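Residue numbering for the sequence shown follows my numbering, beginning at 1098 and increasing consecutively.
Beneath this line is the structure, given in structure tokens, with notes to follow.
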Amino acid sequence: MRIEDYINYLKDIGRIEAAERYYYALKNFEEWLKSKGKTLDDFTSTDVEKFLVSISNPHTANIALAAIRGYTAYRVKECPFDKFIYEDRRFHAIEEIPYRKISTKLTEDKKTLTIVRKALTPDEVKELIEMTESKPLLQAGIVTTFYFGWRPVEATLRLAKAKIDWKNRIMTIQGAKTQDERFLVWHDSITPYLRTWYKAQPLYKRWLTMHLCSYNINGVKVTAKVGRKTVETQLRKAFVRAIMVGETIITPTGKTGVEQFLIDSWLGHKTTPIQDIYTDLSEFITDLKYLAEEKHYLVEVLS
1098 MRIEDYINYL KDIGRIEAAE RYYYALKNFE EWLKSKGKTL DDFTSTDVEK
1148 FLVSISNPHT ANIALAAIRG YTAYRVKECP FDKFIYEDRR FHAIEEIPYR
1198 KISTKLTEDK KTLTIVRKAL TPDEVKELIE MTESKPLLQA GIVTTFYFGW
1248 RPVEATLRLA KAKIDWKNRI MTIQGAKTQD ERFLVWHDSI TPYLRTWYKA
1298 QPLYKRWLTM HLCSYNINGV KVTAKVGRKT VETQLRKAFV RAIMVGETII
1348 TPTGKTGVEQ FLIDSWLGHK TTPIQDIYTD LSEFITDLKY LAEEKHYLVE
1398 VLS
């Protein structure tokens, strides 16, 4: 799987600056692998660790690790079925590799101050979490995500860049690999949900492009990772209540959460081809309403 495909994907979802940084980092990693007799198809997490050790600058090392993590996650998303287990295990192994801490010394009191750039405040994080728990927005997010077969980050960033003709119900987006324009037409019953999600996406987009401090708000731990991954995790924990993988309905095992492997499957490790499962919109609406009412999570998702 080519590096260029991943870079085009980043550009498609609006991560232009990351695409530029990651391209050179991945190309350097590819050259390093060649010197070791390996390729992008057979490298391991151990190779990644050795490559990072060879980089003296911590900023450069962290960019390289972020690029490799993103690339391996993309491979999981795009790989053929027979390669899924291998790619998924490799991605998880690389995800366990920690970033280097970047700090500066304060000569006055000899303390170490960790630098967190563009960090959201606790109040901003709380506001975003509360928005995620908002029933109308949650309904809109579920319907939009299901209908177009998108992950939450795609439902946010694709809409940010899309050209939308609300009157004729036509959305124009750019393909990740070919950069060709794609036209999406939706059913009239989807319009109010799509509008609700479209209005909320600027705030979510801000979360997707900022870094977070480590907070614990309302019992929800927000880890010190890039905002994009954090917001996806929060959204999917809510959306997983109504997600279908193949023909198996995934539902929570308790009041506060779901099995971890179910969350993982909705974290982008396994795609959900809604369009292949439902050829009739009415069947999709019926099943979604039944699931919402029966499990008492999202009553009247569609009316």
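In this text, a Cβ means the ideal position worked out from N, Cα and C, and glycines have one as well.
Everything numeric in this text was worked out from a predicted model, so none of it was measured.
Any 3 or more C-beta pairs closer than 8 Å across the region 1153 to 1168 and the region 1100 to 1108: Three or more beta-carbon pairs separated by less than 8 Å link the region 1153 to 1168 to the region 1100 to 1108, which places the two stretches in contact.
Beta-carbon contacts of Arg1112 that lie in its chain and below 6 Å, excluding the five residues immediately before and after: Along the sequence shown, read from residue 1 onward, the residue named residue 1112 stands at position 15. Closer than 6 Å at the Cβ level, and outside the excluded window around Arg1112, lies no residue.
One or two residues paired with Asp1139 in a DSSP bridge: Counting from one through the sequence shown, the residue named residue 1139 turns up at place 42. For Asp1139, which the question treats as bridged, DSSP gives no partner whatsoever.
Own chain, CB closer than 7 Å to Arg1197, minus 5 neighbours either side, in chain order: Your numbering for residue 1197 matches position 100 in the sequence shown. Closer than 7 Å at Cβ, skipping near neighbours: Pro1155, Ala1158, Asn1159.
Buried versus exposed, by CB contacts within 10 Å (16 or more), Tyr1119: The residue given as residue 1119 occupies position 22 in the sequence shown. When all chains shown are included, Tyr1119 counts as buried.
Endpoints, the beta strand (DSSP E) within which Lys1260 is located: Along the sequence shown, read from residue 1 onward, the residue named residue 1260 stands at position 163. In the DSSP annotation of this structure, the continuous segment of the beta strand (DSSP E) that includes Lys1260 starts and ends at 1260 to 1262.
Whole-angstrom distance between Met1098 and Ala1116, CA atom to CA atom: Taking the first residue of the sequence shown as 1, we reach residue 1116 at position 19. Taking the first residue of the sequence shown as 1, we reach residue 1098 at position 1. Taking the straight line from one Cα to the other gives about 16 Å.
Limits of the unbroken beta strand (DSSP E) element including Glu1278: For the purposes of this step, residue 1278 is identified with residue 181 of the sequence shown, where counting begins at 1. Unbroken beta strand (DSSP E) run through Glu1278: 1278 to 1282.
Coil, strand or helix - Ile1287 by DSSP: Within the sequence shown, the letter at position 190 stands for residue 1287. In the structure shown, Ile1287 sits in a helix (DSSP, three-state: H, G or I).
For Ile1110, the three-state DSSP class (helix, strand or coil): In the sequence shown, the residue the question calls residue 1110 occupies position 13. Note: Ile1110 maps to coil in three-state DSSP.
Nonlocal neighbours in the same chain, by C-beta distance under 6 Å from Leu1291, ignoring five residues either side: Start at 1 with the first residue of the sequence shown, and residue 1291 comes out as number 194. Once the five neighbours on either side are set aside, the close Cβ partners of Leu1291 are Thr1241.
Cβ neighbours of Asn1315 in the same chain (closer than 6 Å, five flanking residues each side left out): Working through the sequence shown from its first residue, we reach residue 1315 at position 218. The predicted position of Asn1315 is uncertain, since its pLDDT is 44 and thus under 50; no value can be drawn from it.
Contact belief for Arg1187 with Ser1142 at Cβ below 8 Å, rounded distance in angstroms: Residue numbering aside, residue 1187 sits at position 90 when the sequence shown is read from its first letter. Residue numbering aside, residue 1142 sits at position 45 when the sequence shown is read from its first letter. Arg1187 to Ser1142, Cβ: 7 Å. Contact.
Nearest-angstrom beta carbon gap, Ile1194 and Glu1146 [assumed within contact, 8 Å]: Stepping through the sequence shown from its first residue, residue 1146 is reached at position 49. Stepping through the sequence shown from its first residue, residue 1194 is reached at position 97. With 8 Å as the limit, Glu1146 and Ile1194 qualify as a contact, their Cβ atoms being about 6 Å apart.
Trp1294 and Ala1257 closer than 8 Å at C-beta: What you label residue 1294 is simply residue 197 of the sequence shown in a count that begins at 1. What you label residue 1257 is simply residue 160 of the sequence shown in a count that begins at 1. Against a cut-off of 8 Å, the Cβ pair of Ala1257 and Trp1294 comes out as no contact.
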